[in-house]
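If you're matching positions, the sequence shown starts at 4 in the numbering used here and goes up one per residue. Each remark here refers to the structure printed beneath this line.
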Amino acid sequence: MRLLTSLLAASALVAALPVLAAETKDSAVTAPQAAPALTLERVFASPSLAGPVPRAVKLSPDGRYVTVLRGRPDDRERYDLWGFDRKAGGWKMLVDSKKLSSGRELSEAEKMQRERQRIGDLKGIVSYEWTADSSAVLVPIDGELYLANLEGSARKLQWTEGGDLDATLSPKGDHFAFIRDRQLYVSEVFGDVLPRPITPAETAATVHWGEAEFVAQEEMNRLKGYWWSPDGARLAVERFDEAKVGTVTRAAIGAEGTKTFEQRYPVAGSANAEVSLWVIGSDGQSRVQVDLGADKDIYLARVDWAPDGKALYVQRENRAQSKLDMLKVDPATGKAEVLFTETAAKDSWINLSDAYRFLADGSLIWLSERDGFAHLYHYKAGHFTQLTKGPWVVTDLVGVDEKAGRVTFVGTRDDVLAPQVYAFDLKTPEKLDRLTDLAFHNSAAMDRKGQTLVVSRSADNQPPQSYLADAAGKRLAWIEENRVEGAHPYAPFLASHRPARFGTIPAADGTPLHWMMITPPLEPGKRYPVFSYHYGGPHAQVVAKGWQGALAQAIVDKGYIYFAIDGRGSDNRGVKFESAINRAMGSVEVADQLAGARYLKSLAFVDPARVSTFGWSYGGYMTLKMLEQHPGEWAAGVAVAPVTRWELYDTYYTERYLGDPNKEPKVYETSGALADAAKISDPLLLIHGMADDNVVFENSTALIAKLQGEAVPFEMMLYPGFTHRIGGPKVSKHLYETVFRFLDRHGVGTGK
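Structure, rendered in structure tokens:
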């Protein structure tokens, strides 16, 4: 559930990852002598306590410029475009989002697309794209397109209208494409020729050209539905028809009324959109359908052009997500052949990835879990050569320098809780060079030629930093040093910052489970309440050694111990660890949270009668399952936006783990949270946004009715008009104050 895992980032609780107590020379800071306690009001106010953390860091194609999106000091959710000239030095604002913003309200399609991208709460500039010659940047603002030059001026491109979607530049930068009224248009960047649709006008409102269908955006991390060829002469274009997809009425209950939306939504076990792929000339004069095979009930997972444009590569996944075929397509005829097939391990599934790269010689660097862990392979002349090995995982392919034969990636070889950037030569892949500091949690990006790194990192008392480095990892310049000193927003609170501790405990089968704990200063003989945070679902890792964020520190300042543990089913531990939840959601991951709770109660400084638990989305679902299965183990539970019936969730996510509900109804009944709801006897607080388009509000109304029908007491707080991301300076404060008042009322809080 990409949506559910990404909620971790949207909720302030997991706005960043757990922390590392070690301090390095790079991150050394001078703490003030005294510090005020962190309040919830300050945690959610502007400027952000994390400091000036940029988004969307990019290098210009010529490598000279660095561009970033920066939040404004007075509005942490509004972003402007800034640029840095590496030769001249110095930053300047390239596009002021307030000056160009029309204030136009986004269309429902734009809002939903932003929800899919997890940027629904952001304002101003949310994306941008460099021209091929590095002379300008394409910037969408409020559905209109601007071309910004490096001197700081911008002009609106002709013929664009508010509401145009998915604008991209052609590789040569002389044309751009966009979606309007379910058709794909192509237009000149310069000139006065009207944009023209290159796809047919369809009478059926269920047919879309150039867009990614719902499950691709929501669950497959594929937000695009068209792809330019390297020379810009052709585009691969998706067409999908939702006619067979069931319609649900989604209610958005707001403070001033209720709006309803008829939404095509493929619930588990129902029909998906019918998807096809076409190769179309950029002038619209030629159109060829790609042969995706006889089985129409498949997923179009990924589409890529070969570097020379002579072939199109398509990843085709079966409905059961147990097999992934790599197709090589002749773009002139649409004829396809299967290059190779990835098959899931028994009782597991295929995890899609973007960690692959087609090379100029026709070979491929490819991520696979075929040996039980995610590792890189070199596919050449019909054969795979394994490049990385061991009981650890590659989390990202960062770059490939084809000329030097050097591959750069992010992985967990040294520490599963602190990913590092590594590089190796294709001739000697066993010799890994670590390019980053072990004292930090790292991620990275690279230019297309694999010459320059952009490293992002954080640590215990160091919010995210970013810097430029050469291919060997040597830092060339800070993009944002973000040192916690002087006027940094977090500097006044550094003296009271509490470091995290890490450890492991065994699961029932002996598997080590990683935990993280932040405590207030412990007084001898005193026992403390615990605020335990959990997610528990697949494709998420809560316990990691990075900047934890200000909210965790505010909770500790209230006198709580902050605790998290990653159970089986979570990410970055290999196939066996993750697939333990196959056909069994709400089982082993609940048992692992129980192991964490019992470990806490064994500690002399923990009050065993005041261990509460909090979860959002899949974590909210987990709260319910935990209270149902183990009454009395947690003193109270908070469930935010929980899934209660998996039949209400979409095909791609749900069927991956639970199968087809038409064939395995018992799995869905057991994994759901309604059947045993009457077993809840501990205090429960239910929270949900009443316009949630992801975990729809019906999940909570079903639970409310069940609990009321069984005379089970519970409390709830509903947020009119809010989606799956309930947030904002005042609303976030309200939500967490509601949580802590709830804990205090039931005698399991601190009263602060």
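Where is the CB? At the ideal position from N, CA and C, for every residue including glycine.
Distance, residue j Cα to residue i Cα
i, j, result
"A34", "A180", "Bear in mind that the predicted position of A34 carries a pLDDT of just 42, short of 50, making it unreliable; the figure below should be weighed with that in mind. Distance between the alpha carbons of A34 and A180: 51 Å."
"Y268", "A208", "15 Å"
"A555", "Y565", "7 Å"
"H537", "P310", "43 Å"
"A24", "N464", "Note that A24 scores 28 on pLDDT, short of 50, meaning its location in the model is unreliable; the coordinates nonetheless yield the value given after this. Going from the Cα of A24 to the Cα of N464 covers about 8 Å."
"D184", "V278", "18 Å"
"T753", "L738", "17 Å"
"A157", "A339", "43 Å"
"L525", "P492", "27 Å"
"V751", "S51", "30 Å"
"L97", "D78", "18 Å"
"G577", "A644", "28 Å"
"G528", "V609", "10 Å"
"S63", "L72", "14 Å"
"P76", "G54", "9 Å"
"L420", "A442", "11 Å"
"K755", "F743", "8 Å"
"R360", "P198", "32 Å"
"S371", "L160", "42 Å"
"H749", "A377", "45 Å"
"S351", "S615", "32 Å"
"G3", "A239", "There is no way to answer for residue 3, as the model of the chain reaches only from 4 to 755."
"K561", "V142", "43 Å"
"V457", "V60", "8 Å"
"Q632", "Q551", "30 Å"
"S325", "A347", "5 Å"
"A323", "F580", "20 Å"
"S684", "M625", "16 Å"
Run of the beta strand (DSSP E) containing residue i, from where it starts to where it stops
i, result
"F412", "R409 to G414"
"R305", "I301 to W308"
"M719", "E718 to Y722"
"I707", "No beta strand (DSSP E) holds I707; the alpha helix (DSSP H) holding it covers E701 to G712."
"Y82", "D78 to D88"
"I144", "A139 to I144"
"N697", "Where N697 is concerned, there is no enclosing beta strand (DSSP E), given that its DSSP letter is neither H nor E."
"F193", "F193 -> no beta strand (DSSP E), and no H or E assigned at all."
"K159", "A157 to K159"
Extent of the continuous alpha helix (DSSP H) to which residue i belongs
i, result
"Y739", "P732 to R748"
"L226", "Per DSSP, L226 belongs to no alpha helix (DSSP H) and is neither H nor E."
"T209", "Where T209 is concerned, there is no enclosing alpha helix (DSSP H), given that its DSSP letter is neither H nor E."
"F47", "L43 to F47"
"F217", "F217 to E222"
"S279", "Here S279 belongs to no alpha helix (DSSP H); instead the beta strand (DSSP E) covers E277 to G284."
"K101", "S100 to L103"
Residue-level contact to chain C via CB, residue i, 9 Å cutoff
i, result
"K126", "In the displayed structure, chain C is absent; only one protein chain is listed."
Residue closest to residue i, alpha-carbon to alpha-carbon, out of the options
i, options, result
"A553", "I584, L516 and L497", "L497"
"T455", "K102, G66, P50 and S49", "G66"
"E672", "L651, A547 and M520", "L651"
"G365", "P200, G385 and S371", "G385"
"V46", "N697, P645, V559 and G622", "V559"
"R586", "W518, G640 and Y660", "Y660"
"L91", "R58, L153 and P143", "Looking at the sequence provided, one finds Ala at residue 91 rather than Leu. Selected option, being the one with the closest Cα: L153."
"I757", "L315, T263, L429 and N445", "Examination of residue 757 is not possible in this model, given that the chain is present from 4 through 755 alone."
"R437", "T431, S459 and V413", "V413"
"T728", "G562, V60, L125 and F87", "Going by the sequence as given, residue 728 is Arg instead of Thr. Nearest option by C-alpha distance: L125."
"D298", "G284, A314, E320 and A151", "E320"
"G235", "D294, K175, A246 and E222", "K175"
"R373", "K709, K392 and P502", "K392"
"L84", "S49, S137, I144 and A135", "I144"
"D595", "L677, A612, A511 and Y621", "A511"
beta-carbon residue i near the ligand FMN non-hydrogen atom, thresh 8 Å
i, result
"N445", "In terms of ligand content, the structure shown is empty, and the ligand FMN therefore cannot be addressed."
query: Is it a yes or a no for the stretch 41-54 touching the stretch 436-455, going by three-plus beta-carbon pairs under 8 Å?
result: No contact exists between the stretch 41-54 and the stretch 436-455.
- request: Ignoring anything shorter than 3 residues or poking outside the stretch 417-504, list the beta strand (DSSP E) runs there in chain order.
  value: List check, beta strand (DSSP E) in window: 423-428, 431-437, 444-449, 455-462, 465-473 and 478-483.
Completely contained beta strand (DSSP E) runs for the stretch 315-387, where each covers 3 or more residues: If we require 3 residues or more, the beta strand (DSSP E) runs fully inside the stretch 315-387 come out as 315-321, 326-332, 339-346, 359-361, 367-371 and 378-383.
- request: List in chain order: all unbroken beta strand (DSSP E) runs of 3+ residues lying wholly within the stretch 654-693.
  value: Listed in chain order, the complete beta strand (DSSP E) runs (minimum 3 residues) inside the stretch 654-693 are 687-692.
- request: Inspect the CB distances between the stretch 228-235 and the stretch 203-215 and report whether three or more fall short of 8 Å.
  value: Enough Cβ pairs lie closer than 8 Å, so yes.
- request: Enumerate, from N- to C-terminal direction, the unbroken beta strand (DSSP E) stretches of 3 or more residues contained entirely within the stretch 518-582.
  value: Those beta strand (DSSP E) runs which fall completely within the stretch 518-582 and span 3+ residues are 531-537 and 564-568.
query: How about the stretch 632-644 and the stretch 592-607: do they share at least three Cβ pairs that are nearer than 8 Å?
result: Contact holds between the stretch 632-644 and the stretch 592-607, because three or more Cβ pairs, one in each stretch, are under 8 Å apart.
task: Kindly provide the ranges of any beta strand (DSSP E) runs that are 3 or more residues long and lie completely inside the stretch 592-627, ordered along the chain.
output: With a minimum length of 3 residues, the continuous beta strand (DSSP E) runs that stay inside the stretch 592-627 are 609-619.
message: Across the stretch 288-296 and the stretch 661-681, are there enough close Cβ pairs to call them in contact, namely three or more that are closer than 8 Å?
response: With a cut-off of 8 Å, the stretch 661-681 and the stretch 288-296 do not count as touching, because too few Cβ pairs lie within range.
message: Count Cβ pairs between the stretch 682-702 and the stretch 719-727 that sit closer than 8 Å; are there 3 or more?
response: By the Cβ test, the stretch 682-702 is in contact with the stretch 719-727, since at least three Cβ pairs between them sit closer than 8 Å.
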